[in-house]
Amino acid sequence: MDQSAAFTELWHILEDVEDMIKEGYKQPHPQAPEFNVSLIRDNPRGELHPAKLEQIKETSGEISQCKSCDLHLARKQAIVGQGNLKSTLMIILPAPDYDSDDEAKPIAGESREFLGKWISAIGLDLDKHCYLTNIVKCRPPGNRPPFLEELSACRHFMQDQVDSIQPKVLLLLGPSALSFIQIPPNRFEELRGQPLEGPAPLVLATYDPIWVKMHPQLKRPVWEDLKLLKDFVEHGR
Ligand code: SF4
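So the mapping is simple: our numbering equals the position in the sequence shown, first residue as 1, plus 1.
In structure tokens:
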């Protein structure tokens with residue numbers, strides 16, 4: 002079996018696992034994406050160890066049942082994450098909004114479309130090459146930013162997900178995502194666009210796509226941040 006076929010087979014196994022976690026039964030799925038083997042080969046972790054897969058399953062189950070903070074009161078559901086579990090690029094999004102809560106996806110609607118364009122601009126595909134998750138897993142009422150105690154209550158899930166996926170790049174979108182690396186949201190403007198200390202070779206913070214949509218003057222600084230990301234993805238620096 003060549004490498005692409007092996008990745009496709011593993012993809013289907015992971016889809017089955019995800020179905021069992023989310024729905025309790027197997028769902029129909031479109032054809033597996035074409036894997037960019039060279040990109041995946043760059044991943045020092047290689048294939049997911051069964052123990053890691055077990056860890057991902059456990060974390061997903063805990064997130065789905067969690068009532069550790071008041072955000073569980075207004076949610077439709079807790080949103081675990083979405084994307085390629087073998088990805089080298091992990092994107093930490095702001096809290097779920099109405100659209101994402103409605104669709105049970107970490108990001109949906111216009112924001113997703115916009116983020117997809119950013120990721121295409123650096124030669125990657127949002128669905129094939131990224132794993133997406135939110136800094137808190139439940140939608141705050143009125144789409145307000147999460148409070149510090151809510152960020153803190155949910156942080157261990159984020160840590161478990163990063164430990165399982167072990168990305169080469171962590172892209173933090175928006176001020177609240179900075180809390181994952183223990184930096185308060187009010188330092189976002191000062192720190193965005195530069196490599197930060199954290200649990201991946203490159204940790205980078207940039208603006209939330211929907212914020213950029215509302216403030217088009219931010220497109221240029223975002224492009225500068227994406228160029229840094231592109232350079233790292235292409236050359237590992
Ligand atoms: S936001 Fe996180 S900590 Fe709070 S209830 Fe949801 S999953 Fe639990």
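The beta carbon of each residue, even a glycine, is placed where N, CA and C say it ideally should be.
Secondary structure at residue i, three-state DSSP: helix, strand or coil?
i: residue 184; result: coil
i: residue 89; result: coil
i: residue 81; result: coil
i: residue 137; result: coil
i: residue 99; result: helix
i: residue 67; result: coil
i: residue 201; result: coil
i: residue 127; result: helix
i: residue 206; result: strand
i: residue 49; result: coil
Do you know how far the Cα of residue j is from the Cα of residue i?
i: residue 220; j: residue 213; result: 6 Å
i: residue 27; j: residue 58; result: 15 Å
i: residue 74; j: residue 193; result: 32 Å
i: residue 104; j: residue 65; result: 15 Å
i: residue 54; j: residue 226; result: 32 Å
i: residue 201; j: residue 235; result: 16 Å
i: residue 1; j: residue 141; result: Outside the displayed range of the chain (2 to 238) lies residue 1, so it cannot be described from this structure.
i: residue 228; j: residue 123; result: 7 Å
i: residue 218; j: residue 89; result: 30 Å
i: residue 203; j: residue 196; result: 6 Å
i: residue 190; j: residue 152; result: 19 Å
i: residue 208; j: residue 170; result: 16 Å
i: residue 52; j: residue 165; result: 9 Å
i: residue 71; j: residue 161; result: 21 Å
i: residue 68; j: residue 139; result: 10 Å
i: residue 63; j: residue 188; result: 31 Å
i: residue 37; j: residue 100; result: Confidence at residue 37 is low in this model, with a pLDDT of 45, below 50, so its placement is unreliable and no value can be given for it.
i: residue 79; j: residue 56; result: 18 Å
i: residue 215; j: residue 237; result: 32 Å
i: residue 222; j: residue 183; result: 23 Å
i: residue 224; j: residue 233; result: 14 Å
i: residue 127; j: residue 163; result: 18 Å
i: residue 137; j: residue 130; result: 22 Å
How about residue i and residue j: are their beta carbons less than 8 Å apart?
i: residue 94; j: residue 144; result: no
i: residue 92; j: residue 174; result: yes
i: residue 112; j: residue 211; result: yes
i: residue 1; j: residue 49; result: Because the chain is modelled from 2 through 238, residue 1 falls outside the range shown and cannot be assessed.
i: residue 206; j: residue 146; result: no
Below 8 Å on the Cβ atoms is my guess for residue i versus residue j; work out the distance and round it to an integer in Å.
i: residue 133; j: residue 84; result: 5 Å
i: residue 168; j: residue 177; result: So it is not a contact: roughly 19 Å between Cβ atoms.
i: residue 76; j: residue 98; result: Actually they do not touch by this definition, with Cβ atoms about 12 Å apart.
i: residue 172; j: residue 125; result: Their Cβ separation, rounded to whole angstroms, is 11 Å, which puts residue 172 and residue 125 out of contact at 8 Å.
So, does the CB of residue i fall closer than 8 Å to a CB anywhere in chain D?
i: residue 61; result: Of the protein chains in the structure, only one exists, and it is not chain D.
Just to confirm, does residue i get its C-beta within under 7 Å of one of the non-hydrogen atoms of ligand 3?
i: residue 69; result: No copy of ligand 3 appears in this structure; the ligands present are ligand 1.
Taking contact to mean at least 3 C-beta pairs separated by less than 8 Å, is the stretch 154-171 in contact with the stretch 111-119? no
Determine, using beta-carbon pairs with one atom in the stretch 76-83 and one in the stretch 105-114, whether at least three such pairs fall under 8 Å. Result yes; three or more Cβ-Cβ pairs closer than 8 Å.
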